[in-house]
Structures are given as C-alpha cells and as structure tokens.
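Asker: According to the working numbering, the sequence shown holds residues 3 to 310 in order.
Yeah, the Cβ is synthetic: ideal placement off N, Cα and C, and Gly gets one too.
Model, not experiment: these values are computed from the prediction.
The structure under discussion is supplied below as structure tokens; questions concerning it will follow.
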Amino acid sequence: VEEHMSCAPVLNDQGTCGSCWAMATEYVFQARYCHLTGQTLPLSYGDLVECDHTSCYGVTNNGCSGGHFLCSFDYTKDIGMTTEACVPYKYHRISYPYPEITCEDGCAGDGKPKPRHKSGKYYRVPVTEEDIMVDIYENGPLATQMKIYADFYNAGTGIYEQVSTTYRGGHAVSFVGWGTEEGKKYWIVANSWGLNWGDKGYFRILRGTNEVGIEAIVAGIIPQAETEASLSLVSPTTGTIATVGGQLDMRWESTGNVGDEVDAVLIKASSVVTDIGRLTNDGQEFYTIPEDTAEGANYRVRITRQDT
C-alpha cells in the first residue's frame, strides 16, 4: 500500500461547490497514471465541473450541483481530461444557488486548445474487501461513494464508525489503502475537503462492513499511457505543382497527444508563401491555392502542432 503513496496527488478542497465527483475522478486518474507511467500529471477537475455533463444510471453530471464518478469515467474515456494548468479550479467560494457555469473551448487565459489525456473503459470492482485491496495494490486508488452523517464532519484521525442518524447526503471519495489497528480493520480514504480536515485530508473508516455504504459501488479506470506526439505529412509530397485556384488535398497522420487542431503553411524552398491557418486535426483538409500564388513547382506543405 505504501508504494502507491509516492503517486498520491495533492489533496484539494472542493469548497462550497458540490464537486466531490469530479475530485474523486481526478484523484483516481492522476494517481493511476503515475502508477502506470511513473510520471506526475496534474489534471483538471475544474474542467469536469465546467464541461462534463455525461449521463449514466439516471444521473447527469451538473457542475457544483453534483454528479457521479461513473459518468465521469465515461467522459475520461470518450473526451479525456485536460490539465490543471489549462483549466484551474475556481469554485472554492461559489455561492448557492449556483450560477450557470460555462464550458470554454480553450484553455483559460490564452485560449489554446485543451490537451487531452484519455482512459480506457471503467470497471466495477466486486464488493469484497479482498478484491478492493488487490485492485488498489495492483493498479492504484479506486473511486467510491458513501453516505454522510452529521458526525462525519468531525471524523478526525480515528477510525470512523457512524453513530449519528442525521443524514446529510452522498459523497464521492477515493480508497487509497488499508490497515489494522488494535484488531480493528480500516480503509484509508482520500477526501476533498482540504488538508486541514481529518488526517491531513485523509480519513480512516471501518473496513469489511460496508460502513455508510462505502464498499457498495467501487470503480477504477486504466489510464492510457501517452505515446510521443508526432505529425507526419502523407500528401501533398515535396515537388507539388501549385496551380492558382486549384486545390491541394492535404492529408496527415498524428500519434500521441497532438491536440484538437494543427497549424499549416504553404512553403516554397525555405520560405513560407502562405499561412494556411489553423485546421481541425482530423487528418485531411482541401486547400484552395490563392490567386496571388506564383505558378510553378516545388511547393510543399508543413503541418505542425500549435505549441511548436
């Protein structure tokens, strides 16, 4: 269990926003990405709050009004998570009733396309403590949910067992480990209420009894290891004859996290003749050669990532 703590993300504080579902998704994704690759990748739970409106099992992710990590795991598979640097979290002190939250197409500040990091399909872990322990050991933290009662807010550093009957609502957290103290078994769990809560943001809870439903719905994802980002031009080839008003059939292939858009220019010799512009990275674009382009041969196209 301790070996995974080197990959433990920094615990954050969701503040007054009901974004525990996004926090749990980000924690599990980031920790498992580190476990898989050995690399730290701070991801954006703020982007999930703003842009993830995935529906599943009768739940729709809805910003600060709540959501579910199972739905978000579909989002990380289909769309992917962007980085914390691209979309910082800004909802620590948001007031209720929550205002409408806008999803921006690009990164905050510079508007550049959001880099995306995807996962494979999520999976549910059988609800036995042995299965949960094995999966944590082999793959890293798991997302789970629990019921909150009034006495949980002051859980402290002991092993939490529900006493209060005052129900406060549901909550998403992350299993990170387990242990035993004086014969009492417990889970180690990452919360999203900041470092000043519980045991520096973590808490321990009774293990093996489904305390407050915490062992009922447990799930994980396997992040996709990034391949080196690269672009290669398929056509047109060097030596293309440019005909004014004619079309170039531009085709390219990309691997790794190239991004949603690329930049293209028309070149003759070593000089840029025309800035073709920003293109959607879908592998093909038809470009009409401008009227002011000189007739002749030896034109070529160069396609690059936007950050190069």
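Should aspartate 137 be labelled buried (16 or more other beta-carbon atoms within 10 Å of its own) or exposed?
Answerer: The residue is buried, with at least 16 neighbouring Cβ atoms inside 10 Å.
Asker: Between the stretch 34 to 53 and the stretch 81 to 90, can you find at least three pairs of beta-carbon atoms closer than 8 Å?
Answerer: The stretch 81 to 90 vs the stretch 34 to 53: in contact.
Asker: What are the boundary residues of the beta strand (DSSP E) that includes tyrosine 188?
Answerer: Taken as a continuous stretch (DSSP letters only), the beta strand (DSSP E) holding tyrosine 188 covers 186 to 192.
Asker: I need the straight-line Cα distance from serine 67 to valine 30, nearest angstrom please.
Answerer: Computed Cα separation, rounded: 21 Å.
Asker: Between the alpha carbons of glutamate 4 and glycine 179, how many angstroms are there, rounded?
Answerer: Bear in mind that a pLDDT of 45 at glutamate 4, under 50, signals an unreliable position, so the number given afterwards is only what the model happens to contain. When rounded, the distance between both Cα atoms is 8 Å.
Asker: Can you tell me which of the three DSSP states cysteine 105 falls into?
Answerer: If DSSP states are grouped into helix, strand and coil, cysteine 105 belongs with coil.
Asker: Find the nearest neighbour of glutamine 41 within the set Asn283, Ala227, Ser21 and Gly222, judged by alpha-carbon distance.
Answerer: The option with the nearest alpha carbon to glutamine 41 is Ala227.
Asker: Could you check whether the stretch 161 to 169 touches the stretch 204 to 214, counting it as contact only if at least three pairs of C-beta atoms, one from each stretch, sit closer than 8 Å?
Answerer: Judged by Cβ distances under 8 Å, the stretch 161 to 169 makes contact with the stretch 204 to 214, as three or more pairs qualify.
Asker: Check whether the stretch 170 to 177 touches the stretch 140 to 158, counting contact only when three or more Cβ pairs, one atom from each stretch, lie closer than 8 Å.
Answerer: Counting Cβ pairs under 8 Å, three or more are found: they touch.
Asker: What does the Cβ neighbour count give for aspartate 284, buried or exposed, with the cut at 16 atoms within 10 Å?
Answerer: Aspartate 284 should be labelled exposed.
Asker: For the alpha helix (DSSP H) that glycine 48 lies in, which residues bound it at each end?
Answerer: Segment 47 to 53, the alpha helix (DSSP H) holding glycine 48.
Asker: Once DSSP output is grouped into helix, strand and coil, what is the label at glycine 65?
Answerer: In this structure, glycine 65 counts as helix in the three-state DSSP scheme.
Asker: According to the neighbour-count rule (16 or more other Cβ atoms, all chains shown, within 10 Å of its Cβ), is aspartate 294 buried or exposed?
Answerer: So aspartate 294 counts as exposed.
Asker: Report buried or exposed for threonine 310, applying the criterion of at least 16 other Cβ atoms within 10 angstroms of its Cβ.
Answerer: Residue confidence for threonine 310 is low, a pLDDT of 49 falling below 50, so the modelled location carries little weight; the figure read from the coordinates is stated next. Answer is exposed; the Cβ neighbour count stays below 16.
Asker: To the nearest angstrom, report how far apart threonine 276 and leucine 233 are at their CA atoms.
Answerer: One C-alpha to the other measures close to 20 Å.
Asker: With a 10 Å radius around its C-beta and 16 neighbouring C-beta atoms as the bar for buried, classify proline 292 as buried or exposed.
Answerer: With fewer than 16 other Cβ atoms within 10 Å, it is exposed.
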